[in-house]
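2 protein chains.
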Amino acid sequence: MPSFQPPHVLLLGPGPSPVPQRVLEALARPTIGHLDPRFVGMMEETKSFLRDAMQTSNPMTMPISAPGSAGMEAAFVNLVEPGDKVVVCQNGVFGGRMRENVVRIGAEPIMVNDAFGTPIDLEKVEAAMKANPGVKALAFVHAETSTGVESDARSLCRLATEHGALSIVDAVTSLGGIPVLADEWGADAIYSGSQKCLSAPPGLSPMTFSDRAVETQKARKTPVQSWFLDLGLLMGYWEGSGARAYHHTAPINMLYGLHEALLMLSEEGLEAAFARHRNNHLRFKRGLESIDLSLLVAEASRLPQMNAVVVPEGVSESAVRSRLLEEFSIEIGAGLGELAGKIWRIGLMGAGSTEANVDRVLEALAICLDRKPA
Amino acid sequence: MPSFQPPHVLLLGPGPSPVPQRVLEALARPTIGHLDPRFVGMMEETKSFLRDAMQTSNPMTMPISAPGSAGMEAAFVNLVEPGDKVVVCQNGVFGGRMRENVVRIGAEPIMVNDAFGTPIDLEKVEAAMKANPGVKALAFVHAETSTGVESDARSLCRLATEHGALSIVDAVTSLGGIPVLADEWGADAIYSGSQKCLSAPPGLSPMTFSDRAVETQKARKTPVQSWFLDLGLLMGYWEGSGARAYHHTAPINMLYGLHEALLMLSEEGLEAAFARHRNNHLRFKRGLESIDLSLLVAEASRLPQMNAVVVPEGVSESAVRSRLLEEFSIEIGAGLGELAGKIWRIGLMGAGSTEANVDRVLEALAICLDRKPA
Numbered sequence: 015m016p017s018f019q020p021p022h023v024l025l026l027g028p029g030p031s032p033v034p035q036r037v038l039e040a041l042a043r044p045t046i047g048h049l050d051p052r053f054v055g056m057m058e059e060t061k062s063f064l065r066d067a068m069q070t071s072n073p074m075t076m077p078i079s080a081p082g083s084a085g086m087e088a089a090f091v092n093l094v095e096p097g098d099k100v101v102v103c104q105n106g107v108f109g110g111r112m113r114e115n116v117v118r119i120g121a122e123p124i125m126v127n128d129a130f131g132t133p134i135d136l137e138k139v140e141a142a143m144k145a146n147p148g149v150k151a152l153a154f155v156h157a158e159t160s161t162g163v164e165s166d167a168r169s170l171c172r173l174a175t176e177h178g179a180l181s182i183v184d185a186v187t188s189l190g191g192i193p194v195l196a197d198e199w200g201a202d203a204i205y206s207g208s209q210k211c212l213s214a215p216p217g218l219s220p221m222t223f224s225d226r227a228v229e230t231q232k233a234r235k236t237p238v239q240s241w242f243l244d245l246g247l248l249m250g251y252w253e254g255s256g257a258r259a260y261h262h263t264a265p266i267n268m269l270y271g272l273h274e275a276l277l278m279l280s281e282e283g284l285e286a287a288f289a290r291h292r293n294n295h296l297r298f299k300r301g302l303e304s305i306d307l308s309l310l311v312a313e314a315s316r317l318p319q320m321n322a323v324v325v326p327e328g329v330s331e332s333a334v335r336s337r338l339l340e341e342f343s344i345e346i347g348a349g350l351g352e353l354a355g356k357i358w359r360i361g362l363m364g365a366g367s368t369e370a371n372v373d374r375v376l377e378a379l380a381i382c383l384d385r386k387p388a
Numbered sequence: 015m016p017s018f019q020p021p022h023v024l025l026l027g028p029g030p031s032p033v034p035q036r037v038l039e040a041l042a043r044p045t046i047g048h049l050d051p052r053f054v055g056m057m058e059e060t061k062s063f064l065r066d067a068m069q070t071s072n073p074m075t076m077p078i079s080a081p082g083s084a085g086m087e088a089a090f091v092n093l094v095e096p097g098d099k100v101v102v103c104q105n106g107v108f109g110g111r112m113r114e115n116v117v118r119i120g121a122e123p124i125m126v127n128d129a130f131g132t133p134i135d136l137e138k139v140e141a142a143m144k145a146n147p148g149v150k151a152l153a154f155v156h157a158e159t160s161t162g163v164e165s166d167a168r169s170l171c172r173l174a175t176e177h178g179a180l181s182i183v184d185a186v187t188s189l190g191g192i193p194v195l196a197d198e199w200g201a202d203a204i205y206s207g208s209q210k211c212l213s214a215p216p217g218l219s220p221m222t223f224s225d226r227a228v229e230t231q232k233a234r235k236t237p238v239q240s241w242f243l244d245l246g247l248l249m250g251y252w253e254g255s256g257a258r259a260y261h262h263t264a265p266i267n268m269l270y271g272l273h274e275a276l277l278m279l280s281e282e283g284l285e286a287a288f289a290r291h292r293n294n295h296l297r298f299k300r301g302l303e304s305i306d307l308s309l310l311v312a313e314a315s316r317l318p319q320m321n322a323v324v325v326p327e328g329v330s331e332s333a334v335r336s337r338l339l340e341e342f343s344i345e346i347g348a349g350l351g352e353l354a355g356k357i358w359r360i361g362l363m364g365a366g367s368t369e370a371n372v373d374r375v376l377e378a379l380a381i382c383l384d385r386k387p388a
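Protein chains in written order, with the numbering used here: chain A, 15 to 388; chain B, 15 to 388.
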C-alpha cells in the first residue's frame with residue numbers, strides 16, 4: 015500500500031480552511047518532549063498569541079488538545095453542574111449541540127429558538143432570563159457556521175452579566191475573521207477551532223476563561239465529569255510559572271502549526287485580517303449578484319467568512335458541489351439540518367479569503383450553473 | 015517574533031518517541047476536507063491498519079481525535095454507567111487515573127492495588143471479582159508507562175469474561191512494541207496512544223471495541239456523559255458504508271501522520287517490530303549491567319520498550335536528566351508518583367528502538383555517572 019497523497023483542493027467550505035505552506039512546514043518540524051523547557055516556552059508564546067487574538071488579558075487562555083467540539087464540551091462541563099439552568103440560544107445546528115451538552119450534564123436547558131439564517135433575538139433572550147431567575151449560564155453561537163449568521167455577542171454577554179449568569183460563547187468560526195472581544199464583552203468562556211479563520215489544521219480548540227469563570231469552576235460542588243477536560247487539571251498543565259503538572263501529552267506538532275498560524279495572524283494584524291475578510295466577502299457578494307445568486311442571510315448579520323448561498327430553484331445542490339470538487343478541485347459545503355439542500359456554504363476563511371479565490375469560485379459556479387456574469 | 019524552531023532531541027523518555035521523517039513529511043501534506051471521499055478512503059485504510067496492529071476483526075476500531083487520556087475516558091464513559099461497580103487494578107500512575115474516570119461517572123471503583131514496579135496480581139483480582147458479584151468491568155493497564163511493567167493481559171481479560179464483566183485495557187505503551195491481541199484475549203475495549211511504539215506525534219488515541227462492548231453501549235440506560243466521546247456518534251462518523259454523519263472535524267493532518275506510521279509498521283511487520291524492541295532492550299540491559307546499573311522491574315514482567323532504571327545512591331536523578339538533555343540532546347523521563355527521584359524512565363519505543371540509540375544513551379549515561387563499561 016502506498017503512502018496517502020492527498021490532492022490539492024481549494025478549501026472554500028465551512029472548514030477546514032486552506033492551510034498556508036508555512037503552517038504545514040511547521041507541523042513537520044522535529045517532535046520534542048512536551049515537558050522540554052523549549053516546548054514550555056512555545057506554550058507560553060501560544061497563550062500570549064491567543065490572548066491577543068481574543069483581545070483578553072485572561073490568564074486562563076490556552077488551546078484544548080482536541081477539536082472545537084471538545085472545546086464546547088470543556089466550557090459546559092466546567093461551568094455547569096447537574097441541576098443548573100442554562101439558557102441556550104439556537105439559531106443553527108451548533109446551538110442544538112450546546113443543548114446536548116447541557117442535557118448530558120444533567121442540567122436543564124432553556125431554549126430560545128430563532129429561525130435558521132437569522133440572528134439571535136435579544137428580546138426573546140431577555141424574556142427567558144427574566145422568566146428563569148438563577149440561570150447559571152447563557153450560551154450562544156457568535157458566528158453560526160451552519161447558516162452564516164453573526165449574532166450580537168456584546169449584547170448577549172451583557173444580558174448574561176445583568177442577570178448574574180455566566181456567558182458561554184462559541185467563536186469557532188468567528189475568531190480571526192471578525193472581532194472577538196473577550197474582555198470588552200465581559201465574556202466568561204469562549205472556545206474556538208484551529209481550522210477556520212486561524213488557518214491551522216483541525217484538531218485544537220483555543221479557549222479563554224474569565225477570572226469569574228475560573229472562580230466559579232473552583233467553587234463547584236461536584237467534580238467535573240470529564241477528567242480530560244477538567245479546567246483545574248488543565249491549568250496545572252498550562253501554567254508557565256513553577257512546575258507544570260503532567261496531565262496529558264500535548265499534541266506537540268499540532269501546536270507547532272497553531273503557533274505558526276497565530277504568528278502569521280499577528281504579523282498581518284487583527285484589523286487588517288478583519289478588513290481582508292470583509293473586502294473579499296463584498297467582492298464575492300457582487301460577483302454572486304452578477305450571476306443572479308443571492309445570500310440567505312440579511313445584510314446586517316452576514317458573516318464575511320461564511321456565506322450561505324441560496325441554491326436556485328431546479329438546481330441539484332449536490333451535483334454542483336460534486337462537480338466543483340471533481341472538475342475544479344474546489345470544496346464548498348452543503349446545508350445542514352433544515353437548510354440541507356437549500357444552501358451552499360462557501361467559506362472565505364483565514365488564508366482562504368483572497369481575491370483570487372473569490373474569482374475562482376465565482377467563475378466555477380458560473381460554469382456549473384451555466385450563467386454568464388452580467 | 016520568529017517561528018518556533020524546535021531543537022533535534024533524541025526522545026528516549028516515556029513518550030513522545032522519535033517520529034520518523036516519513037511521518038513528519040506526511041503531516042505536512044495539503045489539508046483536505048474531512049468529508050472528501052479521498053479522506054474517507056484514508057480513514058478506511060487507517061481503521062484496517064489499526065485492526066492489524068491490534069490483531070482484531072472488530073468493526074469498531076478507529077482513532078479518537080484526542081490524546082490517550084481521552085481514549086481512556088472514552089472507554090469508561092461509554093461502557094460504565096452511574097452506580098456500576100468497576101474493578102480497577104492499580105500498579106502505577108495510570109491505574110489511579112482509571113479510578114478518577116470511574117469516580118467521575120458516579121460509578122464505584124473497587125481497587126486492587128499492587129506495588130509500583132510489580133505486575134498485577136491475578137489472585138487478588140480474582141478474589142475481588144468473586145467478592146463483588148455483578149461487576150460491570152475490569153480495568154487494567156497492560157504496559158504501565160510509569161513503571162515499565164507488563165501485566166498478564168490475556169489472563170486478566172479471561173477473568174473478566176469468566177465473571178461476566180467487560181475488560182478495559184490500557185495499551186497506550188504496548189501497542190506496536192509487544193503483542194496486543196484484542197481478539198485472542200477477548201478484550202472488550204482497548205485504547206492506545208499515537209506517540210509511543212507507533213511513533214506518530216501525540217494527539218490521537220487508537221481504540222477498538224468488541225461487538226459485546228458495542229452492544230453494551232447501545233443498551234445503556236443513561237446517555238453517555240460526553241458528547242465528544244459518545245461511541246454511537248463516533249460510529250456514525252467513522253463508518254465507511256453509506257453516508258457518514260458529521261460529528262466533529264477530524265484532525266486531518268494528524269491522521270495523515272498516523273496513517274503513515276501504521277503503514278511503516280505494516281511494512282516492517284508486527285513480529286519483526288516486536289523482535290526489534292526485544293533485542294534492543296536486551297542490548298540495553300547488558301549495557302546497563304556493564305556500568306553497574308540495574309532495572310527496577312523483575313525480568314519476567316519487564317517491558318522492552320520502557321525501562322525503569324534504578325537511580326544509584328547519592329546520584330541526583332534530575333541533574334543527570336538535565337545534563338543528558340542539555341549536553342547530549344537526549345531526553346529521558348523521571349519517575350512518577352512514589353517512584354519520583356528513584357528511577358529514570360528510558361523508553362526504546364517505536365522508531366526509537368535502535369542499536370545506535372541504545373549505544374548512544376548508554377555512553378552518555380556512563381559519562382554523566384563517571385562509570386567506565388566493564
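Glycine included, every Cβ here is placed at the ideal spot set by N, Cα and C.
Q.
Looking at the strands, I want to know which residues DSSP matches up with Met320(A).
A. On the first sequence, residue 320(A) is found 306 positions in, with the first residue counted as 1. As DSSP reads the structure, Met320(A) sits in a beta bridge with Gly361(A).
Q) For a contact meaning CB atoms closer than 7 Å, what does Leu41(B) contact in chain A? A) Locating residue 41(B) in the second sequence gives position 27, where the first residue counts as 1. Per Cβ cutoff of 7 Å: Leu41, Ala42, Asn267.
Q. Once you ignore the five residues that flank Met112(B) on each side, which residues in its own chain have a CB closer than 6 Å to its CB?
A. Taking the second sequence and counting its residues from 1, the one referred to as residue 112(B) is at position 98. Cβ within range, chain order: Val102, Ala153.
Q: With DSSP as the reference, please indicate the residues paired to Cys103(A) in a beta bridge.
A: Numbered from its first residue, the first sequence carries residue 103(A) at position 89. Answer by DSSP bridge pairing, in chain order: Val126(A).
Q.
Within a Cβ cutoff of 7 Å, which residues of the same chain sit near Ser367(A), ignoring the five residues on either side of it in sequence?
A. Start at 1 with the first residue of the first sequence, and residue 367(A) comes out as number 353. Cβ within range, chain order: Arg290, His291, Asn294, Gln319.
Q: With DSSP collapsed to three states, give me the class of Glu327(A).
A: Start at 1 with the first residue of the first sequence, and residue 327(A) comes out as number 313. Coil at Glu327(A), not helix or strand.
Q.
Which runs of the alpha helix (DSSP H) at least 4 residues long sit entirely within the region 42-82 of chain A? Give them in chain order.
A. 51-68
Q) With C-beta atoms as the reference, is Pro96(A) less than 8 Å away from Thr236(A)? A) Position 82 of the first sequence holds residue 96(A). Position 222 of the first sequence holds residue 236(A). Yes, Cβ-Cβ distance for Pro96(A) and Thr236(A) is below 8 Å.
**Q.** Nearest-angstrom beta carbon gap, Ser206(A) and Gly85(A) [assumed within contact, 8 Å]
**A.** In the first sequence, counting from the first residue as 1, residue 85(A) sits at position 71. In the first sequence, counting from the first residue as 1, residue 206(A) sits at position 192. Yes, they are in contact, since the Cβ atoms of Gly85(A) and Ser206(A) sit about 7 Å apart, within 8 Å.
Q: Express the C-alpha separation of Ser224(A) and Arg168(A) in angstroms, rounding to a whole number.
A: To locate residue 168(A), count along the first sequence from 1; it is residue 154. To locate residue 224(A), count along the first sequence from 1; it is residue 210. When rounded, the distance between both Cα atoms is 15 Å.
Q.
Pop quiz: Arg172(A) and Asp202(A) are said to be a contact at Cβ under 8 Å. What is the actual Cβ separation, rounded to whole angstroms?
A. Along the first sequence, one-based indexing puts residue 172(A) at 158. Along the first sequence, one-based indexing puts residue 202(A) at 188. 12 Å between Cβ atoms; not a contact.
Q. In chain order, what residues of the same chain lie with their CB nearer than 6 Å to the CB of Asp244(B), ignoring the 5 residues before and after it?
A. Translated into the one-based positions of the second sequence, residue 244(B) becomes position 230. Shown here for Asp244(B): same chain residues with a beta carbon closer than 6 Å to its own, the five before and five after excluded, namely Val238 in chain order.
Q. What do you reckon, are the CB atoms on Thr263(B) and Gln209(A) nearer than 8 Å?
A. As a first step, residue 263(B) must be located in the second sequence, where it is residue number 249. As a first step, residue 209(A) must be located in the first sequence, where it is residue number 195. Cβ distance < 8 Å, so Thr263(B) and Gln209(A) count as in contact.
Q | Val347(B), DSSP secondary structure in three states | A | In the second sequence, residue 347(B) corresponds to position 333, counting from 1. A small fix is needed here, since residue 347(B) is Gly in this sequence, not Val. Strand.
**Q.** Neighbourhood of Val23(A) by C-beta, 8 Å cutoff - its chain only, sequence neighbours within 5 removed
**A.** The residue given as residue 23(A) occupies position 9 in the first sequence. Cβ within range, chain order: Leu339, Ser343, Ile344, Glu345.
Q. What residues in the region 174-194 of chain B have a beta carbon less than 8 Å from any beta carbon of chain A?
A. Considering only beta carbons, no part of the region 174-194 of chain B lies closer than 8 Å to chain A.
Q) Within this structure, are the beta carbons of Glu158(B) and Phe90(B) separated by less than 8 Å? A) Looking up residue 158(B) in the second sequence gives position 144. Looking up residue 90(B) in the second sequence gives position 76. In this structure, Phe90(B) does not lie closer than 8 Å to Glu158(B) by Cβ.
Q: Have a look at Ser160(A) and Ile357(B) and give me their C-alpha separation to the nearest angstrom.
A: Along the first sequence, one-based indexing puts residue 160(A) at 146. Along the second sequence, one-based indexing puts residue 357(B) at 343. Those two C-alpha atoms are separated by around 52 Å.
**Q.** Neighbouring residues, chain D, relative to Asp98(A) (Cβ below 7 Å)
**A.** Going by chain labels, chain D is absent from the structure shown, which instead holds the protein chains A and B.
Q.
Taking the beta carbon of Glu341(A) as the centre, do at least 16 other beta carbons fall within 10 Å, making it buried, or is it exposed?
A. Here residue 341(A) corresponds to residue number 327 of the first sequence, with the count starting at 1. By the 10 Å Cβ count, Glu341(A) comes out exposed.
**Q.** Beta-carbon contacts of Arg258(B) that lie in its chain and below 8 Å, excluding the five residues immediately before and after
**A.** Indexing the second sequence from 1 puts residue 258(B) at position 244. So the qualifying residues of the chain are Leu49, Val54, Gly250, Tyr251, Trp252.
Q: Reducing DSSP to helix, strand and coil, say where Ala179(B) ends up.
A: Start at 1 with the first residue of the second sequence, and residue 179(B) comes out as number 165. Ala179(B) falls in the coil class under three-state DSSP.
Q.
If we define contact as Cβ-Cβ less than 8 Å, is Ile46(B) a contact residue for chain A?
A. Reading the second sequence from its first residue, position 32 is the one you call residue 46(B). Ile46(B) belongs to the set of residues whose beta carbon lies under 8 Å from a beta carbon in chain A.
Q) When you compare only the Cα positions, how much space is there between Asn267(A) and Asn146(B)? A) To locate residue 267(A), count along the first sequence from 1; it is residue 253. To locate residue 146(B), count along the second sequence from 1; it is residue 132. About 45 Å.
Q.
Assuming Ala289(A) is part of the alpha helix (DSSP H), what are its boundary residues?
A. If you number the first sequence from 1, residue 289(A) lands on position 275. Residues 284-304.
Q) Under 8 Å, do Arg337(B) and Ala348(B) count as touching if we go by C-beta distance? A) Position 323 of the second sequence, counted from the start, is the residue given in the question as residue 337(B). Position 334 of the second sequence, counted from the start, is the residue given in the question as residue 348(B). Judged by their CB atoms, Arg337(B) and Ala348(B) are not nearer to each other than the 8 Å cut-off.
(Q) I need the DSSP call for Val372(A), collapsed to helix, strand or coil. (A) For the purposes of this step, residue 372(A) is taken as residue 358 along the first sequence, with counting starting at 1. If DSSP states are grouped into helix, strand and coil, Val372(A) belongs with the helices.
**Q.** chain A residues whose Cβ lies nearer than 8 Å to that of Arg118(B)
**A.** As a first step, residue 118(B) is located in the second sequence; it is residue number 104 there, counting from the start. Correct list: Pro237, Val238, Gln239, Ser240, Trp241.
(Q) Below 8 Å, how does it come out for the region 20-35 of chain B and the region 325-334 of chain B: are there three or more Cβ pairs, yes or no? (A) No contact exists between the region 20-35 of chain B and the region 325-334 of chain B.
Q: Determine the contact status of Ala275(A) and Ala214(A), defining contact as a CB-CB distance below 8 Å.
A: As a working mapping, residue 275(A) is identified with position 261 in the first sequence. As a working mapping, residue 214(A) is identified with position 200 in the first sequence. Their beta carbons are under 8 Å apart, which means Ala275(A) touches Ala214(A) by this criterion.
Q. How about Gly82(A) and Ser181(A): do their beta carbons lie closer than 8 Å?
A. Here the question's residue 82(A) lines up with position 68 in the first sequence. Here the question's residue 181(A) lines up with position 167 in the first sequence. The answer is no: Cβ separation not under 8 Å.
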